[in-house]
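Participant: Residue numbers (our numbering), protein chains in the order written: chain A, 153 to 223; chain B, 153 to 223; chain C, 17 to 365; chain D, 17 to 365; chain E, 639 to 970; chain F, 639 to 970.
Yeah, the Cβ is synthetic: ideal placement off N, Cα and C, and Gly gets one too.
First the structure, which I've put down as structure tokens, then a few questions once you've had a look.
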Amino acid sequence: MCVAVPGKVIELNGKMGKVDFNGNIVEVNVSLVDVEVGSYVLVHAGYAVEVVKRELAEELSNLFADLEDVL
Amino acid sequence: MCVAVPGKVIELNGKMGKVDFNGNIVEVNVSLVDVEVGSYVLVHAGYAVEVVKRELAEELSNLFADLEDVL
Amino acid sequence: MINLEEIKSFLLDYSGPEIKLMEVCGTHTSTIVKSGIRSLLSKNIKLVSGPGCPVCVTGSRYIDEAVNFALSKDYTVLSFGDLLRVPGNEMSLSEAKALGGSVEIIYSPMEAAEKAINNPEKNFVLAAVGFETTIPAYALLLDNLIELKISNVKLLTSLKSIGPALDWLCENESDIDGFIAPGHVTSVTGASVYRHLAEKYRKPFTVAGFEAEHILVAIYDLVMQIANGRYEVHNLYKSIVSDKGNEKAMEIIGKYFELSSSYWRGIGIIDCSGYTVRENYRHYRIEIPVREEEISNKSKGCRCGEVITGKIEPYECTLFGKGCTPANPVGPCMVSQEGTCGIYYSMYG
Amino acid sequence: MINLEEIKSFLLDYSGPEIKLMEVCGTHTSTIVKSGIRSLLSKNIKLVSGPGCPVCVTGSRYIDEAVNFALSKDYTVLSFGDLLRVPGNEMSLSEAKALGGSVEIIYSPMEAAEKAINNPEKNFVLAAVGFETTIPAYALLLDNLIELKISNVKLLTSLKSIGPALDWLCENESDIDGFIAPGHVTSVTGASVYRHLAEKYRKPFTVAGFEAEHILVAIYDLVMQIANGRYEVHNLYKSIVSDKGNEKAMEIIGKYFELSSSYWRGIGIIDCSGYTVRENYRHYRIEIPVREEEISNKSKGCRCGEVITGKIEPYECTLFGKGCTPANPVGPCMVSQEGTCGIYYSMYG
Amino acid sequence: MGNSQKITMAHGSGGSATRKLIQDLFHKYFQNDVLDKMEDAAVLDIPSGKIAYTTDSFVVTPIFFQGGDIGKLAVCGTLNDLLVMGAEPKYLSVGFILEEGMDIRDLEEIIKSMALTAEESGVKIVAGDTKVIEGSGGIYINTSGIGLINHKPFHTSNVKPGDAVIVSGSLGNHHACILSHRMNIKNTISSDCAYLGEMVQNLIKANIEIKAMRDVTRGGLATVLNEIAESSNTTINLKEGSIPVDPEVKSFCDILGLDPLYMANEGKIVCFVSREDAEKALSIIKNSRFGEKAAIIAEVSERENVAVTVTTRIGGKRILNVLQGEGLPRIC
Amino acid sequence: MGNSQKITMAHGSGGSATRKLIQDLFHKYFQNDVLDKMEDAAVLDIPSGKIAYTTDSFVVTPIFFQGGDIGKLAVCGTLNDLLVMGAEPKYLSVGFILEEGMDIRDLEEIIKSMALTAEESGVKIVAGDTKVIEGSGGIYINTSGIGLINHKPFHTSNVKPGDAVIVSGSLGNHHACILSHRMNIKNTISSDCAYLGEMVQNLIKANIEIKAMRDVTRGGLATVLNEIAESSNTTINLKEGSIPVDPEVKSFCDILGLDPLYMANEGKIVCFVSREDAEKALSIIKNSRFGEKAAIIAEVSERENVAVTVTTRIGGKRILNVLQGEGLPRIC
Ligand code: SF4
Ligand code: SF4
Ligand SMILES: [Mg+2]
Ligand SMILES: [Mg+2]
Ligand SMILES: [Mg+2]
Ligand SMILES: [Mg+2]
Ligand SMILES: [Mg+2]
Ligand SMILES: [Mg+2]
Ligand SMILES: [Mg+2]
Ligand SMILES: [Mg+2]
Ligand SMILES: [Mg+2]
Ligand SMILES: [Mg+2]
């Protein structure tokens, strides 16, 4: 249900946009996020839930720094 | 379309009757003919078109007499 | 008393003047072909087929209407199987069905009531074709619909009366010497309907049953009448047919239907030759205007009209067996089980 | 800075007081099981699963309603695939489909608009289940339906808010020492929603992403917080989750939906824990009363309620793997891809 | 659980539900040393020589009818196709395509019936497959079969002028039976669905030289005779009066305007033998199971310009063509 | 005529329309000395020994997809099933079930594709059947196949502790390709649908002792490995990191929450060889057509209390069960 994955916005067309997930292109409603072409967004059930602030590799390598911040 | 065959009335139930064609029993609307159980009727498209006055064998053997009558 | 063998040798050896007889009814055509009756006749006795197949005389526009209902999501068309492959201007009901249109085959018009009751959310259009034999069945259906207050069935009619068509033929095709009258239609209308035609056009009419013997005897009777200059109406199907017919059946036809002008494929519009649902039952009818029709593109080159009127035999049509086969029919005469071209094709290949 | 290997050895060797953590989100449960994370933890760290699978917390009466619409000739039910095999009191949507009911699987609520446009003669009922992650998609659909004046789609809702459920859990299940907060729901609501709970119940909340590393780090963080007597809300999914969440998304939820009391399977009715379509859009909503439910006959013996609230693990249910398997589920927890029992069954057999 | 009584898409997933279906039904009833191995293909020992190999799919509705069911039909149909080539049927494969909503108890009945028919016929079901499609509870079955040919194979090209044509029984019963169900006409017409192994075996044992043989199925006798006349370049002359048709079937046909010569059978063969062997062959067939009503119905002559002719009851002559246009749906 | 472009019930009648369809399509493209005889069964010469025999039905939608179509699938699927038993595929039967409304040009494309695939694979289509059912233009194909076994047949029971497991390429491509069409996700994922004859031939020629082989189809790798572990009474230990999955397929799976280990393939085998042969076998497969991405993914150990285990990327351990519940419909 709450499966959601990050992809790259490659086209914008009003409320709708095309998002690329490693070569898989999906029509997505982007009206709830502020994005431009090239942004990464988290997509769930056909709409962009959030802008992704950093890619997965970066996210994981920063995870330990984030941990240190909160501990 | 105008395929019609004679069968024997074996059951009457108001407008409807059961007609037996050599063991094939069909529900038939009999409201346009005066029949009783045991009568033969000519059936077309689910209704009895006419009472059959004589069976096929009799019909064919009388055919030549009928011909003589008209000739 | 003459017997079958004597009649057979008479008909095979007949060397009098050439005689052309028309069997009006498609079921007669079928018996003639299935029994190989032509092989039992002198070549001086010619049998031609008439407009007695209801499917064959139906116009292409009627098929178009039925096809539109089939393709519309809101309607289901109920039809006799024979009508399914008749080409309209765009396609047949069978093609409409293959394209996802809704068409259901029925065997008796009265099934429509049951279907309507069991599927109240659907709207049914009954493709109602036929002659006086079949029309009482539609009348009985209407009776039933009214009694049970069923409102989701309507009739799309192309119903025909055989008498006016025979009148037209007698008027226009003077080389037909006599008629084998259709046994089952006549059981409803009564044999007396032919008397006026017999006298007006001085042609004999013999009502026949559907066994091979019936046909042979009727041909013999007609040949003898013609030889003797007679033009009487003879009833040689006594077990079923009476002079006055089935009056109850004619009455219920009259209750629900009225005579109207009607288009016959290959003939044109004939006054008072069709039946439509009466005005007071208009809730059950779908209106279609009566119009002259061009031969449609789909049946270019089809000579059904001439086959139906006894002018040609099917194999005289250049499409017969080539462009036109039962699997890929061009005209309705190739489609129906009673269509002359179809019958000829399956028997003579 | 600590690294993954150090965290792994810490968690495996941990010998402090027994700690019980709840991962609220079904997708977290899935990562935990798929990555074999339990095999990497000391037995003093126990993970239990929470009510974070929307399918699992849905009542059987809701399924009954959907089944009725599927079986009625007038409606087609649109549903996420996960919901299809959840048993109602009579049957599941999948069984209704096998019986001829009309059910179509969708992947995004927004597909409903397209289906409605392409099939104007049909009436669609959208089985709308989900948490705050999914609810904006329904709101966007309603936006679309209104804009395009589409009137043949209605929502049958069982929409939940995760906050009130966590509140209930903190109140009622005091032996849970900390929560792995659901990453995706939190991206919409914002991490701040947990602050009030953390303080009220003195329990730590750590928001985590969905890679195995995220989970390990979150567990480590929670263990450390507990060890140090802290009860803070930590966000360890910074690439997606912010403190205030997606305000536009929360706004559109508020435009079309209002909070209402809601029935949670295994828990009961919780005030203000669900969302229903607002009165001014009632044309798009199907009313269903909120009622306490008995365990249905169909799921006699099912302990889903205890699984959902972290009281037991699936294999403690006597039906697990015997009467209850994904092929023949007794409770919703065995059905859904996010249902704890189903996840356990496919990984541990 | 209601779930267990109807087929759902899960049964076609290839996963645990499929496995359970296979174990509970196919494995249970079709068990034999080969199938039990459950490999991707059956491994069979075959003596060197010729084999016959054929396939047919079965889509009849109703799936249960007087005298049989779709399962029995699927076994008999393929076995008879092997038989008429002169082969001894040995192995069958079965492919089920099930529509969602199929009743699992019905499926079990069908499988039982297939297992029983296979056993009675001395063949093994050694390979199988099941798929589920969306729909409304229907079932389609494909069978393929392998038979061993231990003597000269029968070939339609062997047919020569002078040969006699024997039909093994009355025509139209299967077709009439199926249509009766569909059109709600009550009668006692039973499908002739049967495996004719014993009959053919008896002919072979008696050293009758069988020129050619065909089972008379879809398209009816008319279609089969046309095919044989074409492939042997002969003309077949049928005597209308000699063709066996049960009176109940005859009347059924009259009601609907059907011709038994075009109707499907599922346990009838036509057999071509020399004129000399004809009477002996006839009496062997008549004394075999399912052969009581056999009759000599035609003779073969030099090719005229048509394939099949009929001498009618009243002595007329006509051509007998193949089935034209639309047959009635789903009879086999 | 429009009639000629869509399948109607008449094409299933067994009469002239059926004949015309057979002549215009099946006969035209499938021609070979056996099929051309058009008898009720094909007569085949078989050397004495063992044969492999299998059947499968194919119900995939869409019927045309990136990398293949239902016809190619129906040929490759059955040939691969013969292949993995150690047989050399020789003959195929084909049963078509066509829904009314099927586009005849589409049917022609499918038949062409089957003919081409059969030819490339060196097999003959020797028996066929066509039925028409009501519906909305769909097509279902059953194939059965016969192969000759010229050496020791492969059997899953040969698998022993210590053996290595090789998968011949990346997983999930066929399944992802089919689902992409259905869910309107644009990508370049192509079905892996292929006949793997060359690959297996190369292994045999190199004298690799193949213990067992399976094509990895419906139910995915997880299901196949479980079946083999059960039938050989071993445990198979999979290394998560070693399993080849294309990045595009991986992302596709992430979008829908799918697991490539449960997804169908149509041109992938798993091959069990001794540890000693493993590297050599791997390099042979890598150098064969369709084998570039092959990998050693697991090893076999003494039976523990579970069938298949996985060592995960982060070093966790878990059980890998067979596919549970509903797979997504009509993938093969
Ligand atoms: S053969 Fe065909 S085209 Fe010619 S008249 Fe008859 S129906 Fe028309
Ligand atoms: S195993 Fe089944 S019955 Fe037991 S709690 Fe889970 S879902 Fe309910
Ligand atoms: Mg319609
Ligand atoms: Mg419904
Ligand atoms: Mg066959
Ligand atoms: Mg057959
Ligand atoms: Mg046959
Ligand atoms: Mg299979
Ligand atoms: Mg197989
Ligand atoms: Mg296979
Ligand atoms: Mg396989
Ligand atoms: Mg066949």
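How many angstroms separate the CA atom of Ile79/C from the CA atom of Ala265/C?
Facilitator: 28 Å
Participant: Of the choices Asn134/C, Ser76/C and Leu161/C, whose alpha-carbon is the least far from that of Arg101/C?
Facilitator: Ser76/C
Participant: Below 8 Å on the Cβ atoms is my guess for Phe792/E versus Val722/E; work out the distance and round it to an integer in Å.
Facilitator: 7 Å
Participant: Given that a residue counts as buried once 16 or more other Cβ atoms are within 10 Å of its Cβ, and exposed if not, what is Leu238/D?
Facilitator: Buried, because 16 or more other Cβ atoms sit within 10 Å of the Cβ of Leu238/D.
Participant: Using the C-alpha atoms, what's the distance from His665/E back to Lys675/E?
Facilitator: 10 Å
Participant: Just verifying my parser: in three-state terms, what is the DSSP assignment at Tyr833/F?
Facilitator: coil
Participant: Between which residues of its own chain and Glu39/D is the CB-CB distance below 7 Å, once the five residues before and five after are set aside?
Facilitator: Thr45, Ile48, Leu63, Ser65, Gly66 and Ile196
Participant: Given this structure, state the Cα-to-Cα distance separating Glu187/D from His212/D, to the nearest angstrom.
Facilitator: Their backbone Cα atoms lie some 13 Å apart in a straight line.
Participant: Specify, as a first and last residue, the run of the beta strand (DSSP E) that Asp694/F falls within.
Facilitator: Gly687 to Phe696
Participant: Under a Cβ-count criterion, where at least 16 other Cβ atoms within 10 Å of its own Cβ denotes burial, should Leu659/E be classed as buried or exposed?
Facilitator: Per the 10 Å Cβ criterion, buried.
Participant: For chain D, is any of its Cβ atoms less than 9 Å away from the one on Glu137/C?
Facilitator: yes
Participant: Which chain E residues sit within Cβ distance under 9 Å of Lys113/D?
Facilitator: Those within 9 Å of Lys113/D in chain E are Thr646, Met647, Glu738, Gly739 and Glu772.
Participant: State the beta-bridge partners of Val249/C as determined by DSSP.
Facilitator: Phe221/C
Participant: State the CB to CB distance for the pair Pro125/C and Tyr154/C, rounded to an integer number of angstroms; the pair is presumed to be in contact (CB under 8 Å).
Facilitator: 5 Å
Participant: If you compare alpha carbons, which of Val73/D, Leu158/D and Glu329/D is closest to Ser289/D?
Facilitator: Val73/D
Participant: Beta-carbon distances below 5 Å to any heavy atom of ligand 12 define the shell here; list its residues in chain order, please.
Facilitator: Asp694/E and Asp767/F
Participant: Using 9 Å as the limit for Cβ to Cβ distance, is Asn176/A near chain F?
Facilitator: yes
Participant: Hey, quick one: how far does the beta strand (DSSP E) through Arg585/F stretch, first residue to last?
Facilitator: A query on residue 585/F cannot be resolved here, the shown segment of chain F reaching from 639 to 970 and no further.
Participant: Once the 5 residues before and after Ile787/E are set aside, which same chain residues still bring their CB inside 8 Å of it?
Facilitator: Gly687, Lys688, Ile689, Ala690, Met723, Gly724, Ala725 and Glu726
Participant: For Ser255/C and Tyr30/C, what's the separation of their Cα atoms in angstroms?
Facilitator: 29 Å
Participant: Rounded to the nearest angstrom, what separates His812/E and Gly879/E at their Cα positions?
Facilitator: 21 Å
Participant: Beta-carbon within less than 8 Å of Glu930/F's beta-carbon, same chain only, minus the 5 sequence neighbours each way: which residues are those?
Facilitator: Gly807 and Lys924
Participant: Is it true that the CB of Glu202/A sits closer than 9 Å to the CB of Cys93/D?
Facilitator: The sequence shown places Val at residue 93/D, rather than the Cys named in the question. No, Cβ-Cβ distance for Val93/D and Glu202/A is not below 9 Å.
Participant: Taking a Cβ distance cut-off of 7 Å, strictly less, list which residues of the stretch 155-177 of chain B are near chain C, in chain order.
Facilitator: Hits within the stretch, in order: Val155 and Ala156.
Participant: Could you check whether the stretch 899-909 of chain F touches the stretch 847-864 of chain F, counting it as contact only if at least three pairs of C-beta atoms, one from each stretch, sit closer than 8 Å?
Facilitator: yes
Participant: For Gly640/E, does the three-state DSSP call read helix, strand or coil?
Facilitator: For Gly640/E, the predicted model reports a pLDDT of 40, less than 50, meaning its position is unreliable; a value from the coordinates is still stated below. Here Gly640/E sits in helix by DSSP.
Participant: DSSP puts Arg301/C in a beta bridge; with which residues?
Facilitator: Leu171/C
Participant: Report buried or exposed for Glu22/C, applying the criterion of at least 16 other Cβ atoms within 10 angstroms of its Cβ.
Facilitator: exposed
Participant: Looking at the C-beta of Asn296/C, does it have a partner C-beta in chain B at a distance below 9 Å?
Facilitator: Using a Cβ-Cβ cut-off of 9 Å, Asn296/C does not count as an interface residue toward chain B, since no Cβ of chain B sits closer than that to its own.
Participant: State yes or no: is the beta carbon of Ser654/F nearer than 9 Å to at least one beta carbon in chain C?
Facilitator: yes
Participant: Tell me which residues of the stretch 73-90 of chain D have at least one Cβ-Cβ distance to chain C shorter than 8 Å, keeping chain order.
Facilitator: Lys89 and Asp90
Participant: Is Ser889/F closer than 9 Å to Asn214/A when the C-beta atoms are compared?
Facilitator: no
Participant: Please look up how many angstroms separate the CB atoms of Ile268/C and Pro152/C, rounded, as I've assumed it's under 8 Å.
Facilitator: Confirmed, Cβ separation roughly 6 Å.
Participant: Near Ala932/E, which residues of its chain fall below 7 Å by C-beta distance, leaving aside the five closest residues on each side in sequence?
Facilitator: Cβ contact annotation for Ala932/E (same chain, cutoff 7 Å, sequence separation greater than five): Ile804, Val805, Ser806, Gly807, Leu920, Ile923 and Lys924, in chain order.
Participant: Just how far apart, CA to CA, sit Gly199/D and Ala207/D?
Facilitator: 9 Å
Participant: Can you list, in chain order, the residues of its chain whose CB lies under 6 Å from that of Ala200/B, leaving out five sequence neighbours each side?
Facilitator: Val180, Val182, Val185 and Val193
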